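Asks: So that we are looking at the same thing, I have put the structure below in structure tokens.
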Amino acid sequence: MLNRVVLVGRLTRDPDFRTSQSGVSVANFTLAVNRTFTNAQGEREADFINCVVFRRQAENVNTYLSKGSLAGVDGRLQSRSYDNKEGQRVYVTEVVCDSVQFLEPKGSNNNSSQSNNGQYNNNYNNNYNNGNNNYNNNYNNQNNAFNQNKQNNNAPVQNPFKDLEQANNSNNNFNASNQNSGGPVDLADDDLPF
């Protein structure tokens, strides 16, 4: 049997972190996962999927994820039931996470402090722009060097394929002298490979 779930979505709220009676760390969170199609009004709907993670991963989720964080989840689907305080049976279906991946840099989601988010964006933009400037400068320098060499070197350009052209011309002369002028070709049975 196969029970595998892979999701990518955003947390709808901060993770609910607790420690069980046996001392195991547990974090519950809900992922909003966009559907791949739109509804009749042209709007894209989302599914809200409950997830649970245990032990060290739960501590990491509690520390590094918050409402709006983009996360990837790999796990299995599980159904369970329990009796609530009113004595009613409650059924729960959730993803038990084997792995939770943090898909955004730390501090880049909407609820992080504005200074961290701004610094990340500024660093990204500065690095991106510096990379483009370096590329443009290198390209212009190479292009200028090529044009300068072309202007300084007024000697006629030699054909690098000169030897090859001479060989082809001699082969063409050989073929022209040995061509049959449309008459029958004299072949013996021993000349044929079959």
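In terms of the UniProt record's numbering, the sequence shown opens at residue 1 and continues consecutively. The beta-carbon is built from N, C-alpha and C at its ideal position, and this holds for glycine as well. The structure displayed is predicted, hence computed values, not measured ones.
Could you tell me which residues DSSP puts in a beta bridge with Leu31?
Replies: Leu11, Ile49
Asks: Return the chain-ordered ranges of every beta strand (DSSP E) run that is complete within the region 47-110 and spans a minimum of 3 residues.
Replies: 70-83, 89-102
Asks: Buried or exposed for Tyr135, please, with buried defined as at least 16 other CB atoms from any protein chain shown within 10 angstroms of its CB.
Replies: Model confidence at Tyr135 stands at a pLDDT of 49, short of 50, so the residue's coordinates are unreliable and nothing is read from them.
Asks: Taking DSSP as the reference, what is the three-state secondary structure of Asp16?
Replies: strand
Asks: For the putative contact between Ala71 and Val100, defined by C-beta atoms under 8 Å, what is the C-beta separation to the nearest angstrom?
Replies: 6 Å
Asks: Rounded to whole angstroms, what is the Cα-Cα separation between Glu104 and Leu65?
Replies: C-alpha separation (whole angstroms): 10 Å.
Asks: Between the C-alpha atoms of Thr12 and Val24, what's the straight-line distance to the nearest angstrom?
Replies: A straight-line Cα-Cα distance of about 24 Å links Thr12 and Val24.
Asks: Excluding the 5 residues preceding and the 5 following Arg18 in the sequence, name in chain order all residues of the same chain whose CB lies nearer than 6 Å to its CB.
Replies: Val26
Asks: Expressed to the nearest angstrom, what Euclidean distance is found between the alpha-carbon atoms of Asp14 and Glu43?
Replies: 26 Å
Asks: Within its chain, find whatever has a CB closer than 8 Å to the CB of Asn84; leave out the 5 residues flanking it on each side and keep chain order.
Replies: Val90
Asks: Given that a residue counts as buried once 16 or more other Cβ atoms are within 10 Å of its Cβ, and exposed if not, what is Gly87?
Replies: exposed
Asks: Contact check, Val5 vs Arg76 under 8 Å by CB: the rounded distance?
Replies: 6 Å
Asks: Whose C-beta lies closer than 6 Å to the C-beta of Arg80 among residues of the same chain, with five residues either side of it excluded?
Replies: Val92
Asks: Exposed or buried, what is Arg55 when buried is set at 16 or more other beta-carbons lying within 10 Å of its beta-carbon?
Replies: By the neighbour-count rule (16 or more Cβ atoms within 10 Å), Arg55 is not buried but exposed.
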